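Numbering (full-length UniProt numbering), first residue to last: 1 to 218. Here a beta-carbon is modelled for each residue, glycine too, at the ideal position from N, C-alpha and C. Source: prediction; values computed, not measured. Structure record follows, encoded as structure tokens.
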């Protein structure tokens with residue numbers, strides 16, 4: 001699969017960020033020249049891999065994977081992490097599409113600190129956690145879930161593209177009907193329904209009311 005069809009950044013975004021990056025700009029020039037200055041501390045980590053790098057559309061590639069410059073790395077990690085799929089799945093996805101030094105270490109650090117990843121790690125072994133494609137526009141996909149805080153239930157919705165977060169204190173009323181009322185209010189604020197609504201299949205989200213909502217075709 002073409003990585004540009006699934007990543008939330010364009011070739012132009014990456015090319016511009018690469019050119020403007022102190023380290024990756026040097027690396028781009030080194031790959032073009034076919035050699036690196038081994039006395040340059042910025043390039044030493046890449047010296048042994050230089051033969052595996054190539055350039056397409058002014059973008060650096062490591063094999064089939066896009067090399068992501070520094071200013072875009074946090075964004076890619078946040079996109080990758082948002083479904084709390086765990087370290088193994090995050091690494092599997094990154095190995096298909098993009099790379100930078102120590103990306104696996106950064107993934108491990110994120111997962112270790114994340115309560116959401118710990119929650120999904122406790123799911124039964126036969127539960128399949130599949131990474132979602134990266135969203136390209138607002139309300140293309142939203143993720144919803146409940147979170148307990150001081151004995152109260154908070155309904156949380158996150159837009160996959162903008163990362164905007166909606167939160168409402170539901171107290172103890174987490175019924176499907178009350179949940180839908182809240183979601184509809186949020187959707188009206190956004191001038192439309194999301195193309196895809198993702199939940200953890202809690203009892204509210206697998207009810208007849210939610211099934212009716214899904215059958216409406218939004």
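Nearest residue (CA-CA) to residue i, options the options
| i | options | result |
| --- | --- | --- |
| residue 54 | 62, 180 and 103 | 62 |
| residue 164 | 148, 152, 189 and 153 | 189 |
| residue 182 | 161, 195 and 156 | 156 |
| residue 50 | 59, 34 and 64 | 34 |
| residue 73 | 172, 194, 142 and 7 | 7 |
| residue 99 | 59, 113, 111 and 137 | 59 |
| residue 93 | 187, 133, 168 and 102 | 133 |
| residue 48 | 114, 31, 56 and 178 | 31 |
N-terminal and C-terminal residue of the beta strand (DSSP E) that residue i is part of
| i | result |
| --- | --- |
| residue 155 | 152 to 159 |
| residue 56 | 53 to 56 |
| residue 197 | 196 to 198 |
| residue 169 | 165 to 169 |
For residue i, the first and last residue of its enclosing alpha helix (DSSP H)
| i | result |
| --- | --- |
| residue 140 | Premise fails: residue 140 is in no alpha helix (DSSP H) and is neither H nor E. |
| residue 62 | Careful: residue 62 lies outside any alpha helix (DSSP H), inside the beta strand (DSSP E) at 59 to 62. |
| residue 186 | 176 to 189 |
| residue 76 | 70 to 81 |
| residue 28 | 22 to 33 |
| residue 104 | 103 to 112 |
Supposed contact pair residue j and residue i - C-beta distance, whole angstroms, cut 8 angstroms
| i | j | result |
| --- | --- | --- |
| residue 90 | residue 81 | 7 angstroms |
| residue 220 | residue 194 | For residue 220 there is no data in the structure shown, the boundaries of the chain being 1 and 218. |
| residue 144 | residue 180 | With a Cβ gap of about 11 angstroms, residue 144 and residue 180 do not count as contacting. |
| residue 227 | residue 3 | The question about residue 227 has no answer, for the chain in this structure spans 1 to 218. |
> Counting Cβ pairs, one atom from each stretch, are 3 or more of them under 8 angstroms apart for the stretch 99 to 108 and the stretch 31 to 38?
Replying inline: no
> Using 8 angstroms as the Cβ pair cut-off and three pairs as the minimum, do the stretch 11 to 26 and the stretch 146 to 154 touch?
Replying inline: no
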